[in-house]
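Student: My structure is below; once you've seen it, I'll send some questions.
Protein chains: 2
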Amino acid sequence: MLSFFTVDCLILTFHEGQLKVLLTERNEYPYKDWWAIPGYFVDKEEEMEEAVKRISYENTGLKDIYLEQLAALAGVKRHPEGRILTVAYMALVRYEEVKNKVKPITNYMRQAKWFGVNDVPELAFDHNEILRLGLKKLKTNLSFSFAPFELLPEKFTLTQLQQIYESILGESLDKRNFRKKMGNLGYLKELDEYQTGVSYRAARLYKVDKRKFAKLFA
Amino acid sequence: MLSFFTVDCLILTFHEGQLKVLLTERNEYPYKDWWAIPGYFVDKEEEMEEAVKRISYENTGLKDIYLEQLAALAGVKRHPEGRILTVAYMALVRYEEVKNKVKPITNYMRQAKWFGVNDVPELAFDHNEILRLGLKKLKTNLSFSFAPFELLPEKFTLTQLQQIYESILGESLDKRNFRKKMGNLGYLKELDEYQTGVSYRAARLYKVDKRKFAKLFA
DNA sequence: AATATAGTGTGTATTTTTTACACTATTAAA
DNA sequence: TTTAATAGTGTAAAAAATACACACTATATT
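Next up, the structure:
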């Protein structure tokens, strides 16, 4: 009589100027050998978000990540053994923090790999739809979401921030106008620090003032 | 091994200048005698949206209504017999079309009644949270959603439209600025018809040009 | 030392959008 | 015919968004 269902976790990051999604190659029926979004069954006594955190930890080695619920999908035919409802979440992670940790710790997945979001094969179940929902939500909420900063290191350059906006919106933005607007928002703190290790003029670093950000959207 | 879950359907309408929500008084354990959002179990072979339509039909007598999925809620303790996942939907209906039909056809509910959304008692389960999610979604998506027109008759006055915006946003708007902006959007068709049955100057009626609307948000 | 490369950093003019604000017109009922 | 209720309308100022071009800095390569 209890609910029996799965969670799927769309894990996105930003690297090499584009949004990337972490996919795993399934090693289990159904859709064996297909690429899929990480996901698994929720334990009977486990809160749904805990399950998502567990699954994303197993795949990225990260705890305490940014999560948003996307949707519940429950098509009668989505699983060959009969309807299995899934609740899809989206997680945003910083590439620098995960790049050496990514590997599926479970044995029901063969390998994990980052794919550019525009370069994703046909996925198991309705996982292409979940990706579509995640990208749409990112885009729709961009102007009042903390999401862009979840994809960046604590200290970042305005060019990095602009690249994230551009890849979420799918269009290029004017540099001067972008900086003017970001400045006007008032929640970016200009630091007296600069990029290191670049072979060109080092850019100034910025931080988000989380208090001011939170106050704006309270 | 199949998923077993419920759907809940937040049914909203607009009447007497305010948003109203349809609540039913439960006649069944748990939360017997509490007010609740209409909802019930999804049949094994039934698509989730079909279940929502069935439930909203049982409560409003209407078919073909506007539906949006809000969220899945699955707290381990939300049901005393153990975790029951629910998928919450929001339905928008026209008061004129439902006012004489509203009554719960099922026997697990005692009565159905419209409540102003700011005048809702403590509800069964996590239903106050579902209401909150629905109102937030309405507000967030207002500027690119067809929702306002789902609450109005096919032909409506600009004052009616403004009242809907005002109650969704929770603030009052300037009449001239509102009309200017609506005019600029370009999807309202001015008709050569006027209100009837009012004891003051009759207002002009308008329609939405659905094609133009769809084109704008494609 | 010269050159190529790549990304940083800045200002202004134009257009568009938003905001603030008050009176006249129409109708039905008293 | 007066009253009450709501419909309907324009303009100016401010703010925000957009379009647009060039010089600067650091490094790597030859």
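Chains as they are written, first to last, in full-length UniProt numbering: chain A, 1 to 218; chain B, 1 to 218. By construction, the Cβ of each residue, glycine as well, lies at the ideal position given by its N, Cα and C atoms.
Examine chain B for any beta-carbon lying closer than 9 Å to the beta-carbon of A/I84, and answer yes or no.
Tutor: Yes, A/I84 counts as interfacial toward chain B.
Student: For A/F146, return the contacting residues in chain B, with the cut-off set at a CB-CB distance below 9 Å.
Tutor: The premise fails here: A/F146 is roughly 15 Å from chain B at the closest Cβ pair, so nothing lies under 9 Å.
Student: To the nearest angstrom, how far is it from the Cα of A/P80 to the Cα of B/I168?
Tutor: Looking at the two C-alpha atoms, the distance is approximately 42 Å.
Student: Nearest by alpha-carbon distance to B/G170: which of B/F178, B/L62, B/L19 is it?
Tutor: Closest by alpha carbon: B/L19.
Student: Assuming A/A124 contacts A/A36 under a Cβ cut-off of 8 Å, what Cβ separation, rounded to an integer in Å, is found between them?
Tutor: Indeed they touch by this definition, with Cβ atoms about 4 Å apart.
Student: How about the stretch 23-43 of chain A and the stretch 2-13 of chain A: do they share at least three Cβ pairs that are nearer than 8 Å?
Tutor: Yes, the stretch 23-43 of chain A is in contact with the stretch 2-13 of chain A.
Student: Just the C-alpha distance for A/D3 and B/D43, rounded to the nearest angstrom, thanks.
Tutor: Here the sequence assigns Ser to residue 3 of chain A, which means Asp is not the residue at that position. Looking at the two C-alpha atoms, the distance is approximately 13 Å.
Student: For residue 229 of chain B, tell me which candidate among B/I55, B/K63, B/L216, B/L70 has the shortest Cα-Cα distance.
Tutor: As displayed, chain B neither begins before 1 nor continues past 218, which places residue 229 of chain B out of reach and without an answer.
Student: Run through DSSP, which three-state label would A/G39 get?
Tutor: Looking at A/G39 - three-state DSSP - the assignment turns out to be strand.
Student: Is the beta carbon of B/Y206 less than 9 Å from the beta carbon of B/T157?
Tutor: Yes, the Cβ-Cβ distance between B/Y206 and B/T157 is below 9 Å.
Student: Taking A/M90 and A/G134 to be in contact with their CB atoms under 8 Å, please state how far apart those CB atoms are, rounded to whole angstroms.
Tutor: With a Cβ gap of about 4 Å, A/M90 and A/G134 count as contacting.
Student: What are the partner residues of A/H127, as DSSP defines its beta bridges?
Tutor: According to DSSP, A/H127 bridges with nothing at all.
Student: Indicate, with yes or no, if the ligand FMN has a heavy atom lying under 8 Å from the CB of B/L188.
Tutor: This structure simply doesn't include the ligand FMN, nor any ligand for that matter.
Student: Would you say B/S172 lies against chain A (beta-carbon separation less than 9 Å)?
Tutor: Chain A, which has no Cβ nearer than 9 Å to the Cβ of B/S172, makes this no.
Student: Suppose the cutoff is 6 Å on Cβ atoms and the five residues either side in sequence are ignored; what does the same chain contact list for B/H127 look like?
Tutor: Excluding positions up to five away in sequence, the list reads A36, I37.
Student: Give the secondary structure of B/I164 by DSSP, where H, G and I count as helix, E and B as strand, and everything else as coil.
Tutor: Three-state DSSP puts B/I164 in a helix.
Student: Assign A/E122 to buried or exposed, taking buried as 16 or more other Cβ atoms, counted over all protein chains shown, within 10 Å of its Cβ.
Tutor: Exposed, because fewer than 16 other Cβ atoms sit within 10 Å of the Cβ of A/E122.
Student: Going by the beta-carbon positions, is the gap between A/E96 and A/P153 smaller than 9 Å?
Tutor: Contact: yes.
Student: List, in order along the chain, the chain B residues whose C-beta lies closer than 9 Å to that of A/G75?
Tutor: In chain order: E47, M48.
Student: Look at the alpha carbon of A/V102 and the alpha carbon of B/K99, and state the distance between them as a whole number of angstroms.
Tutor: Roughly 56 Å between the two C-alpha positions.
Student: How is A/V76 classed by DSSP in three states: helix, strand or coil?
Tutor: Correct three-state label for A/V76: coil.
Student: Check for me: the beta strand (DSSP E) holding B/E190 runs from which residue to which?
Tutor: Segment 188-194, the beta strand (DSSP E) holding B/E190.
Student: Whose C-beta lies closer than 7 Å to the C-beta of B/K139 among residues of the same chain, with five residues either side of it excluded?
Tutor: Around B/K139: I168, L169.
Student: Report the rounded CA-to-CA distance for A/A88 versus B/Q195, giving the unit in angstroms.
Tutor: Going from the Cα of A/A88 to the Cα of B/Q195 covers about 47 Å.
Student: Determine the chain B residues that contact A/V52 at a beta-carbon separation under 7 Å, and present them in chain order.
Tutor: None at all; the shortest Cβ gap to chain B is about 11 Å.
Student: Tell me, to the nearest whole angstrom, how far the beta carbon of B/V33 is from that of B/E25; I am working on the premise that it is less than 8 Å.
Tutor: Note that residue 33 of chain B corresponds to Asp in the displayed sequence, not to Val. Contact holds; Cβ gap of about 7 Å.
Student: Taking residue 219 of chain B as the reference, give the member of B/A112, B/F5, B/D119, B/E190 with the closest Cα.
Tutor: Chain B is shown only over 1 to 218; residue 219 of chain B falls outside these bounds and no answer can be derived.
Student: Which of the three DSSP states, helix, strand or coil, is assigned to B/T6?
Tutor: In the structure shown, B/T6 sits in a strand (DSSP, three-state: E or B).
Student: Whose C-alpha, out of B/H15, B/L85, B/S143, is nearest the C-alpha of B/W114?
Tutor: Nearest C-alpha to B/W114: B/H15.
Student: Tell me the rounded alpha-carbon separation between B/E58 and B/L67.
Tutor: Near 15 Å, if we compare the C-alpha coordinates of B/L67 and B/E58.
Student: Pull up the distance between the alpha-carbon of A/M109 and that of A/E49, whole angstroms please.
Tutor: Their backbone Cα atoms lie some 21 Å apart in a straight line.
Student: How about A/K44: is its C-beta nearer than 9 Å to some C-beta of chain B?
Tutor: So, interface residue.
Student: At 8 Å on the CB atoms, spell out the chain A contacts of B/F5, in chain order.
Tutor: In chain order: S3, F5, A74, L85.
Student: Quick check on the burial criterion: 16 or more other C-beta atoms within 10 angstroms. Buried or exposed for B/S56?
Tutor: That one is buried.
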